[in-house]
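Once you know that position 90 of the sequence shown is 90 in UniProt numbering, the rest is easy, because the numbers rise by one and skip nothing.
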Amino acid sequence: MSEPRSADLKALKALANPLRQRILELLAASGPATSTTLAERLGVTSGGTSYNLRVLAENGFVEELPERARGRERWWRAMPNDVRLPPAHERDDPAKAAIGELHRLWLAGDTDLYERFERERPRLGEWADAIPYSRGAITVTLDELGDFFEAYLALLRRYQRPDGETPEGARRVETRMLAFPSPAGEEAAQD
1 MSEPRSADLK ALKALANPLR QRILELLAAS GPATSTTLAE RLGVTSGGTS
51 YNLRVLAENG FVEELPERAR GRERWWRAMP NDVRLPPAHE RDDPAKAAIG
101 ELHRLWLAGD TDLYERFERE RPRLGEWADA IPYSRGAITV TLDELGDFFE
151 AYLALLRRYQ RPDGETPEGA RRVETRMLAF PSPAGEEAAQ D
């Protein structure tokens, strides 16, 4: 994982686009691809994927792989990113709108991804039951919540491997972490 970087409005707008999110997901899951390959998999024109790849590249989310290029064919890969959203009190209206759309896209994408897993589950063999699931709540200060999140990211980094170092029998496993304050009135009574 890369060093954390704060997303500016341009980067937020680049991310808050359904097609760009799908492009990033495909590149992350399947590895490098050409604009044409992505277009075929996504059911869109290669012009549309080319444009959106350039927007993602301008914002550091993908990069071109010139060593794989042949003629006009350009290969792209997703960049490892640790993008942090600006705190709510620092967001102007355009940033709030972009972040709201981004959250909606992420949640819808995660729901779709899980539903696809459930449909494919009967064909996954021993991986069919590999779905650790935990729900809970913690009582923490803001600083402790920040530490909790950083510890989660450190755990992810511990299990991320560079390309070519995947052990036999390993497969990609999707992980998600979402933490938010309990809505008002739902907190446990404090002594």
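Note that CB positions come from ideal geometry on N, CA and C, so glycine has one too. Remember, predicted model here, so these are calculated numbers, not experimental data.
Assuming A97 and P86 make a contact with CB atoms under 8 Å, what is their CB distance in whole Å?
In fact, because the Cβ distance is near 13 Å, the residues do not count as touching under 8 Å.
If I'm right that G146 touches R77 with Cβ under 8 Å, what's the distance once you round it to whole angstroms?
That pair is no contact at about 30 Å.
Are the Cβ atoms of P4 and D82 separated by less than 9 Å?
yes
Classify V140: buried if its beta carbon has 16 or more other beta carbons within 10 angstroms, exposed otherwise.
exposed
Where P32 falls: helix, strand or coil (DSSP)
coil
Which complete beta strand (DSSP E) runs does the UniProt domain "HTH arsR-type" (10-104) hold, if anything under 3 residues is left out?
62-64, 75-78, 82-84
Check whether A179 and F148 have beta carbons under 9 Å apart:
yes
With which residues is P4 paired in a DSSP beta bridge?
D82
Taking contact to mean 3 or more Cβ pairs, one atom from each stretch, closer than 8 Å, check whether the region 17-32 and the region 47-62 are in contact.
yes
Distance CB(residue 194)-CB(A33) smaller than 9 Å
Here the chain comprises residues numbered 1 to 191, so residue 194 is not present and cannot be evaluated.
Give the secondary structure of G136 by DSSP, where H, G and I count as helix, E and B as strand, and everything else as coil.
coil
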